[in-house]
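Trainee:
Numbering (my numbering), first residue to last: 361 to 867.
1) If you reduce the DSSP assignment to three classes, tell me which class residue 678 lands in.
2) What are the boundary residues of the alpha helix (DSSP H) that includes residue 482?
3) In its own chain, which residues sit with a C-beta less than 7 Å from the C-beta of residue 799, not counting the 5 before and 5 after it?
4) State whether the stretch 382-389 contacts the stretch 418-426, with contact taken as three or more CB pairs (one from each stretch) at a distance under 8 Å.
5) In terms of alpha-carbon separation, which member of 758, 742, 745 and 743 lies closest to residue 733?
6) Can you check whether the CB of residue 426 is closer than 7 Å to the CB of residue 457?
7) So residue 768 packs on residue 750, CB below 8 Å; how close in whole Å?
8) Determine the direct distance from the alpha carbon of residue 507 to that of residue 467, and round the result to whole angstroms.
9) Give a yes or no on contact between the stretch 397-406 and the stretch 541-555, applying the rule of three or more CB pairs nearer than 8 Å.
10) Mapping the DSSP letters down to three states, classify residue 711 as helix, strand or coil.
11) Does residue 858 pass the burial test, meaning 16 or more other C-beta atoms within 10 Å, or should it be called exposed?
12) In angstroms, rounded to a whole number, what distance separates the CA positions of residue 834 and residue 790?
13) Measure the alpha-carbon distance for residue 639 versus residue 624 and round it to whole angstroms.
14) Thinking C-beta only, is residue 649 closer than 7 Å to residue 622?
15) Between the Cα of residue 472 and those of 462, 484 and 463, spot the shortest distance and give me the residue it belongs to.
16) Just curious, the alpha helix (DSSP H) that residue 405 is in, first and last residue?
17) In whole angstroms, what is the alpha-carbon distance linking residue 841 and residue 808?
18) Would you check if there are 3 or more beta carbon pairs closer than 8 Å linking the stretch 585-596 to the stretch 701-710?
19) Less than 8 Å between C-beta atoms, sequence neighbours within five positions excluded: which residues of the same chain meet that for residue 849?
20) Could you give the first and the last residue of the continuous beta strand (DSSP E) run that contains residue 352?
21) Sort out for me which residues DSSP pairs residue 575 with in a bridge.
22) Pick helix, strand or coil for residue 557, following the three-state DSSP scheme.
23) Check whether the stretch 487-494 and the stretch 520-535 touch, using three or more Cβ-Cβ pairs below 8 Å as the test.
24) Could you tell me the alpha carbon to alpha carbon distance between residue 537 and residue 509, rounded to whole angstroms?
25) Give a yes or no on contact between the stretch 625-636 and the stretch 655-666, applying the rule of three or more CB pairs nearer than 8 Å.
26) Keeping to the same chain, check which residues put their C-beta closer than 8 Å to that of residue 522; ignore five residues upstream and five downstream.
27) Below 8 Å on the Cβ atoms is my guess for residue 383 versus residue 514; work out the distance and round it to an integer in Å.
28) By Cβ distance below 6 Å, which residues in the same chain neighbour residue 361 in space, the five residues on each side in sequence not counted?
29) Using a Cβ distance threshold of 8 Å, determine whether the stretch 562-579 contacts the stretch 601-615, with at least three qualifying pairs required.
30) For residue 862, which residues of its own chain have a beta-carbon under 7 Å away from its beta-carbon, when the five flanking residues on both sides are left out?
31) Could you tell me which of 447, 379 and 761 sits nearest to residue 864, measuring between CA atoms?
32) According to DSSP, which residues form a beta bridge with residue 728?
33) Counting only the same chain and skipping the five closest in sequence on each side, list residues whose C-beta sits under 7 Å from that of residue 583.
34) DSSP three-state label for residue 646, please.
35) Report the three-state DSSP secondary structure of residue 328 (helix, strand or coil).
36) In terms of residue numbering, what span does the beta strand (DSSP E) encompassing residue 441 cover?
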């Protein structure tokens with residue numbers, strides 16, 4: 361086997377001792393000399409296994425409250441020495457430094473300490489110095505040294521100890537070195553994030569968990585999800601989520617978070633094709649489906665209420681890819697699971713990132729998440745006619761929807777129901793015409809409906825078309841130098857218009 365090296369001496373310094381015992385016993389059985397310090401040394405001694413204190417090797421005790429234990433030439437010399445270089449061998453002999461063939465480290469739990477809400481002083485003390493230095497040194501010298509940088513590699517090491525009696529190949533050591541630099545870079549990124557305090561001069565992200573997808577956006581593209589989906593969702597049934605499923609699920613989760621009333625949404629290609637808020641979930645579902653029963657086929661369903669059997673019986677009539685809810689009644693779940701390929705997700709309460717980013721050209725573009733949601737107090741009446749009392753809730757409803765719909769977009773709504781939307785058009789006029797045509801296609805009467813736009817109207821053409829279709833109230837951000845032209849048309853025809861001052865582009 362290429363580059364075979366046998367472990368003779370090991371240095372072990374870990375924070376958590378879970379699952380370490382079998383490794384200690386196996387090293388002892390193989391006659392490996394173990395060096396250790398502090399709590400790890402005490403743990404090994406309690407197992408009845410011989411262990412040499414690091415202090416015996418360095419002739420220095422642990423100092424500065426434990427901040428300095430292993431930072432010594434007799435430790436790092438033994439790890440970094442090049443076994444094939446005679447000058448290194450000579451210096452080891454001169455200074456009585458033993459060659460160390462295995463380093464096992466488990467770093468201080470910095471991220472966990474930050475998440476716990478600990479004081480800054482406690483967080484700073486959980487920045488590992490000796491451990492991270494040991495990891496980097498051993499990984500750099502992977503040609504001669506086995507590095508185990510976290511609990512995640514314990515089983516890998518145990519296999520080497522039991523299957524080949526502690527003899528490792530160069531390939532194995534290099535693989536562990538890669539894992540070591542992954543651990544150290546992630547650790548440093550977390551520390552940087554703590555100290556950075558919102559500085560945007562550099563971009564750093566490190567996500568340790570990943571899932572290979574069946575393919576990317578298309579079958580000829582590879583795809584990977586980086587993150588911890590299992591924290592956000594409990595999968596109750598169905599096949600694995602695809603790349604396109606995940607895009608839709610992300611859009612669905614962000615959309616439904618806007619609503620506190622019992623609401624059901626149906627999404628297709630990241631846009632809502634149906635949405636309604638009703639006192640009863642089954643009614644919310646029926647009215648959401650009515651918005652576009654054609655596009656709903658094969659869609660993503662999401663609600664903010666527990667799915668009951670009455671709603672499940674109606675949903676079960678439709679072919680869909682994914683359903684997401686905070687919970688399901690037992691009978692409802694049993695019925696929905698009758699078709700095994702359906703992906704049924706229970707959404708858990710997990711905070712989502714406050715920034716979004718994506719690759720762009722030869723770099724990355726990042727922005728704060730659009731968390732602004734306007735209510736009536738944020739809406740300035742710009743016309744002589746104010747919205748009717750019944751229109752205010754629809755204006756809020758439509759404005760939430762337009763925020764989560766691809767630009768250019770127009771949303772038409774009435775009685776907290778999405779009647780139609782024009783999505784992703786290069787012209788706002790085209791978006792409005794598309795929305796009106798869809799609404800008419802599915803039998804909706806637009807008289808008394810409201811219109812929401814994600815950006816201002818540069819000309820009065822949209823409000824004119826909307827008025828002629830029956831729209832009674834309009835919500836838009838305003839900000840055009842020609843706002844007065846749209847306002848003048850509304851004043852002349854009795855249409856109410858409010859402006860929010862906030863644009864909601866979504867590309």
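Cβ coordinates follow ideal geometry from the N, Cα and C atoms, glycine included.
This structure is a prediction, so every number in the text was calculated from the model and none was measured.
Mentor: Let me spell this out:
1) coil
2) 480-485
3) 772, 779, 780 and 806
4) no
5) 758
6) no
7) Actually they do not touch by this definition, with Cβ atoms about 28 Å apart.
8) 13 Å
9) no
10) coil
11) buried
12) 17 Å
13) 11 Å
14) no
15) 484
16) 398-406
17) 28 Å
18) yes
19) 820, 823, 824, 827 and 855
20) Only positions 361 to 867 of the chain appear in the structure, and residue 352 is not among them; the question remains open.
21) Partner(s): none; residue 575 has no beta bridge.
22) coil
23) no
24) 9 Å
25) yes
26) 386
27) 6 Å
28) Interpretation of residue 361 is limited by its pLDDT of 46, a score under 50 that renders its predicted location unreliable; the figure taken from the coordinates is listed afterwards. Cβ within range, chain order: 529.
29) yes
30) 732, 734 and 837
31) 761
32) 715
33) 573, 575, 576 and 603
34) helix
35) The structure shown has nothing for residue 328, since the chain only spans 361 to 867.
36) Per DSSP, residue 441 belongs to no beta strand (DSSP E) and is neither H nor E.
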